[in-house]
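The sequence shown begins at 68 in the numbering used here and counts up by one. Quick reminder that beta carbons are idealized off the backbone N, C-alpha and C, glycines included. Notes follow once the structure below has been shown.
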Amino acid sequence: MRIGIISDIHSNMEALNTVLENLKGKVDEIICLGDIVGYGPNPRECCDIIRSNRIFSLCGNHDSACYDDNLIDYFNPFAREAILWTRSQLPDDYITYLKQLSFEEVLYGFRIVHGAPGDPFEYITTTAEARSAFMSFDEDICFIGHSHIMEYFEQRKGSPIVRQLPLRNQQELIIEEGKRYIINVGSVGQPRDGDPRSAYVIYDTIEKKLTAHRVLYRIDIVQKKMQLKGLPSLLWQRLEVGR
Ligand code: ZN
């Protein structure tokens, strides 16, 4: 079975549509690791696309901040401003949809989370963070998003050593027996690893092979929309540099 895994769409409809177009006919199912909304100009449309394509999605930290007032303080001022704007754009039934999304699942034998096992707000961006995360789940593979950086961590079973490695466009990763992996699939709508192209992966559960993909979308259209809707300039300026 081939599964497309996407994350951190962040209301970027152009990026989402481009990724789905690229995945068409190449996978049996698509899974999203959360943050459908936040930052970008099309929260409603992105929820509609996820739902109409029957994409299973987790709840990300931005998604949960749309319905939980207690979470707002965890965000920087730009993200907070975008969340408040997003809330104003989402009718009640969209909030209800976001509310029923789960934070973590085990599917097809691998774990999926937004940030880290047990906490959608927690980041895994260092080997130390990955080492403690490896201790908090049992499966051989955990897919994550949240940092918007496409990369992976691997650990030989029984060894304390964790390696952190980048995932580049078209790179293949063969899942080895005897190793465990935390794989960050990067961000569809707000990449921050220096590559402004949308990120996604395809994982083949039979061949145990992962392929990383980057695809260019119409960044200029999204930037224009964000400007027109009065979203913070930092949030649209960073799209073209992917930082
Ligand atoms: Zn995010």
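Every residue with a CB closer than 5 Å to a heavy atom of the ligand ZN is listed here in chain order: ASP75, ASP102. One Cα belongs to GLY176, the other to CYS209, and the distance between them is close to 10 Å. THR278: member of the beta strand (DSSP E) spanning 276 to 282, first to last residue.
With a threshold of 16 other beta carbon atoms within 10 Å, GLN257 meets it and is buried. When only Cα atoms are considered, ARG147 and ASP140 end up about 8 Å apart. DSSP places GLN238 outside both helix and strand once states are collapsed to three, so it counts as coil. Partner residues in the beta bridge of ASP186, as assigned by DSSP, are ALA183. Counting C-beta pairs closer than 8 Å gives three or more between the region 108 to 122 and the region 69 to 79, which meets the contact rule. With a beta-carbon spacing of about 26 Å, GLY253 and LYS224 fall beyond the 8 Å limit used to define contacts. Within the region 86 to 136, the complete beta strand (DSSP E) runs of at least 3 residues fall at 96 to 99. Linking LEU157 to ASP260 through their CA atoms gives a straight-line distance of about 29 Å. Judged by beta-carbon spacing, TYR190 lies within the 8 Å limit of HIS213, meaning their Cβ atoms are closer than that value. If you look at ASP75, you'll find it isn't in any beta strand (DSSP E); DSSP assigns it neither H nor E. For ALA149, same chain residues with a beta-carbon under 7 Å away, outside a window of 5 residues either side, are GLY105, TYR106, LEU298, PRO299, LEU302 in chain order. For TYR248, the enclosing beta strand (DSSP E) stretches over residues 246 to 252. By the CB criterion at 8 Å, ASP102 and ASN128 fall inside the cutoff. GLY92 counts as exposed, since fewer than 16 other beta carbons sit within 10 angstroms of its beta carbon. The residue among CYS126, LEU151, SER124, LEU125 with its C-alpha nearest the C-alpha of ASP136 is LEU151. Beta-bridge annotation (DSSP): MET217 is paired with VAL252. Taking C-beta separations shorter than 7 Å and ignoring five residues to either side along the sequence, the partners of ARG285 in its chain run GLU81, following chain order.
Just measuring C-alpha positions, the residue of ASP271, SER131, VAL282 sitting nearest VAL255 is VAL282. Taking the CA atoms as reference points, THR192 sits about 15 Å from ARG310.
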